[in-house]
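In terms of full-length UniProt numbering, the sequence shown is residues 1 to 664.
Glycine included, C-beta positions come from ideal geometry on N, C-alpha and C.
Since the structure is predicted, the reported quantities are computational estimates derived from the model, not experimental observations.
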Amino acid sequence: MRENEHKEQFLADLGEVYRIYAESMKEHYRFYEVVQHIESTQDSSDSQLEAMQKILCDLCAQLGIESTREHFVALIERIVNLREDSLLEVLKSLGKSRDEILYARTIMLDFVSTYYAKAHTKVLQHIESKQLLSSFYREIFASVCRVGQCMNTFFALWDRELIYGINERLSEIFSFQEALERLEPTMERDSQDKNVQRTYSLPCMPNTTLTKESEFACVPYIKAFPKEVGAIIETLEQSIKNLEALEDSIFDRKEAYITYLEVLKNAWSCDDSTQLIESWRAVDYAWMGIDTPVQIGHPLEYYEDIYRHAVAPEWDLRICTPNDNKGVYALNVAHNIHNAFDMLAKKLGYNAHSREFVEHSLRQSKVYESIPLFFFGAENNGLFSAQVVPNDEVVSKKEGKKIFAFPLRIIAQARAKPQMRLTYEFFPKAFIARGREILFDNEHLWHSVYDISTNGHEFGHILWIDESSEEVMNASGEFKNIEEFKATSGGIVAYLLGSSPIAKILQDCLDDMYRLDIQQCIMAIQQSDSIHQQIWEAVFDDCIKRAVGLMAWRESLEVRPYYCEGIIHLRGMFESGVLSFDESKDFSKLSIHRTHYVELALWYLRTYIDLATHYRDKKDAKLWLERFCINQQSQGVQVLCQQSAKLVEHYFARYVAIGQEIYE
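Structure representation (structure tokens):
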């Protein structure tokens with residue numbers, strides 16, 4: 001068989017793997033059927049639904065809560081969507097103590113990890129029984145699963161010891177700034193003695209009793225968790241040995257995969273705190289060398305630790321999926337991002353070094369539309385809607401970034417989830433109906449909006465960043481709390497300047513934003529074709545829905561950056577006249593004035609230019625954030641816009657009260 005025939009068969013097999021995955025996910029989504037038909041399930045002849053209801057009842061018993069529909073919904077959110085927040089709010093509302101809630105978290109993490117590990121094994125067995133792909137890639141799949149089991153064990157201990165042990169104690173005995181100052185000597189540095197704003201270690205040994213007088217030191221994971229990390233290293237060694245005996249006859253990337261696993265083993269083995277950054281930087285370089293449709297996920301990327309940015313232990317396998325799903329609604333998001341950055345960099349006088357850094361990262365970046373076939377570790381606490389990696393800007397300066405998008409998983413999840421009462425309390429029925437019509441009946445438009453908002457967000461992270469941006473701008477520890485808004489608004493602005501019905505008008509007025517004629521913009525939208533009008537409205541509808549939904553994360557410290565992002569969006573929506581709010585109404589508390597979407601678009605453009613200027617000058621992120629809100633760490637966030645503050649307070653109160661109720 002010729003090489004291209006091998007590749008064609010391999011890609012056909014990948015399509016079959018996706019179908020196996022999709023069938024597996026349909027089984028998980030059936031949990032929602034339990035709560036939608038809970039009364040009939042009691043006497044159902046559907047053995048799978050009966051088994052699922054028993055699982056939910058058993059979990060309720062273990063957590064010490066009643067087996068009610070609302071509690072089932074919270075558990076299903078934890079199992080199917082992998083989100084903890086709904087269940088944690090239920091436990092808080094029932095008056096559960098801190099220890100009881102931590103126990104419940106442990107129970108659910110253990111259940112979810114085991115549940116999906118079994119599901120992954122079942123998928124792997126299907127692939128092996130059908131002899132799909134090639135022996136080399138079947139071993140890649142098997143290796144990821146073996147290492148993943150070790151990552152599950154390590155993450156459970158890491159989460160308990162660092163996030164809910166050391167960090168909680170730090171918040172009790174120090175203010176946020178005091179903690180940052182005390183921990184600064186433990187921050188890891190690269191070969192140029194630069195603090196790279198992330199760590200691969202603990203600030204003290206596990207089980208240390210912390211006091212105000214405690215001394216802190218950088219403790220590499222191999223020293224802090226020798227048994228668990230040792231198991232990861234041993235499993236990686238076995239995988240390397242197995243792969244060395246096979247050949248990659250499809251993409252000829254055997255050396256790239258083995259090199260990646262080798263440097264990964266070396267990084268986990270590193271016991272010298274002064275070498276950790278360079279060890280993990282080598283992992284980044286090796287990982288960027290894998291460019292096939294079978295992507296082993298980066299093991300450490302998301303910053304869950306608010307103090308030292310100890311990156312969460314993640315591990316997964318992603319396979320690429322067809323991306324011809326936008327039809328006549330297709331836009332070139334990457335092209336729009338490049339052009340918008342070029343226009344704004346000229347307008348702002350962005351310095352040549354930083355500009356070339358960003359442009360090189362954009363040129364080198366590659367988008368992978370994927371599904372997370374297998375996932376382990378921290379990903380049992382939540383999967384990405386998209387991701388741009390690596391975070392190391394030194395690596396990106398040379399190699400660019402990989403942008404991962406997961407639209408097929410996101411749309412399937414949205415379709416499976418029942419309609420919730422909270423949604424109808426706040427949004428008008430017509431607004432919800434439009435969104436559901438797109439979700440179920442206009443998949444091409446849905447994917448186009450995802451491309452603008454989610455992929456645009458990931459590209460947006462790349463803009464206005466060079467090697468030193470985060471280190472300089474994070475002086476007060478607030479960089480991440482403006483970075484998420486910068487990313488999302490970057491995608492929106494790229495759309496506005498590149499493909500929106502008013503793109504030409506905006507481009508012509510960039511040098512003097514106050515020359516813009518609102519009526520001229522409205523006329524341009526009305527005169528555009530129906531496709532562009534549909535995209536225009538759907539993009540802003542999606543922005544509103546997401547911004548309001550982020551308010552449910554008010555008390556979740558680990559996702560505080562997204563909550564802050566939502567607060568900034570809401571400010572613009574109220575100031576532009578798009579939103580008005582009446583909490584006295586039983587339903588449709590929000591009025592959405594789509595005729596003001598032009599004003600919102602202009603608000604985004606002006607606000608983004610202001611933020612890009614802040615990044616250009618590398619000012620402390622806190623200075624910009626505090627135009628919108630004041631982050632009081634464990635005491636919450638003070639919202640400065642009065643209208644937004646009222647909405648946030650009321651939305652969160654209703655989320656706690658009825659967040660698990662299905663709309664009927």
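Beta-carbon gap between residue i and residue j smaller than 9 Å
i: Leu210; j: Ile250; result: no
i: Ala310; j: Thr199; result: yes
i: Glu458; j: Ala405; result: yes
i: Val639; j: Gln413; result: no
i: Val578; j: Ile544; result: yes
i: Glu70; j: Tyr655; result: no
i: Pro407; j: His353; result: no
i: Leu109; j: Glu100; result: no
i: Leu87; j: Leu102; result: no
i: His569; j: Thr454; result: no
i: Ile296; j: Asp316; result: yes
i: Ala330; j: Ile438; result: no
i: Ile166; j: Pro203; result: yes
i: Val283; j: Arg318; result: no
i: Ala612; j: Trp464; result: yes
i: residue 665; j: Ala345; result: No information on residue 665 is available, as it lies outside the stretch 1 to 664 that the chain covers here.
Exposed unless 16 or more other CB atoms sit within 10 angstroms - verdict on residue i
i: His298; result: buried
i: Met205; result: exposed
i: Glu184; result: exposed
i: Glu304; result: buried
i: Tyr260; result: buried
i: Met1; result: Summary for Met1: the model assigns pLDDT 47, below 50, so the residue's position carries little reliability, and this model does not support an answer.
i: Ala217; result: exposed
i: Val328; result: exposed
i: Glu478; result: buried
i: Tyr514; result: exposed
i: His614; result: buried
i: Asp248; result: buried
i: His335; result: exposed
i: Gln53; result: buried
Cα-Cα separation, residue i to residue j
i: Glu33; j: Leu422; result: 19 Å
i: Leu246; j: Gln131; result: 15 Å
i: Val648; j: Gln632; result: 16 Å
i: Ile531; j: Gln125; result: 44 Å
i: Phe652; j: Asp13; result: 46 Å
i: Ser385; j: Ile411; result: 10 Å
i: Ala231; j: Arg83; result: 28 Å
i: Ile20; j: Arg355; result: 44 Å
i: Ile505; j: Glu8; result: 46 Å
i: Gly636; j: Tyr307; result: 16 Å
i: Ser269; j: His338; result: 40 Å
i: Ala256; j: Ala117; result: 27 Å
i: Asn127; j: Ile258; result: Looking at the sequence provided, one finds Ile at residue 127 rather than Asn. Roughly 22 Å separates the two Cα atoms.
i: Cys145; j: Gly659; result: 35 Å
i: Gln519; j: Gln533; result: 16 Å
i: His593; j: Glu599; result: 11 Å
i: Ala286; j: Val263; result: 7 Å
i: residue 672; j: Lys480; result: Outside the displayed span of the chain (1 to 664) sits residue 672, for which this structure offers no information.
Bounding residues of the alpha helix (DSSP H) (the contiguous stretch that carries residue i)
i: Ala653; result: Gln642 to Ile658
i: Asn339; result: Val333 to Leu348
i: Lys241; result: Pro226 to Glu244
i: Ala414; result: Pro407 to Ala416
i: Tyr597; result: Tyr597 to Arg616
i: Lys429; result: Lys429 to Asp441
i: Cys521; result: Ile518 to Gln527
i: Cys509; result: It is not in any alpha helix (DSSP H) - Cys509 carries neither H nor E in the DSSP assignment.
i: Val80; result: Arg69 to Val80
i: Val263; result: Lys254 to Ser269
Host beta strand (DSSP E) of residue i (start-end)
i: Ser591; result: Leu590 to Ile592
i: Gln197; result: That residue, Gln197, is in no beta strand (DSSP E); it is neither H nor E in DSSP.
i: residue 682; result: As displayed, the chain neither begins before 1 nor continues past 664, which places residue 682 out of reach and without an answer.
i: Leu579; result: Leu579 to Phe581
i: Glu369; result: Lys366 to Gly377
i: Asn631; result: Cys629 to Asn631
Cβ-Cβ separation, residue j to residue i (assumed contact under 8 Å), whole Å
i: Gly456; j: Val333; result: 5 Å
i: Asn242; j: Ser143; result: 7 Å
i: residue 681; j: Ala503; result: Because the chain in this structure spans residues 1 to 664, residue 681 falls outside the shown range and cannot be described.
i: Leu56; j: Phe72; result: 5 Å
i: Trp536; j: Pro561; result: About 28 Å; that fails the 8 Å criterion.
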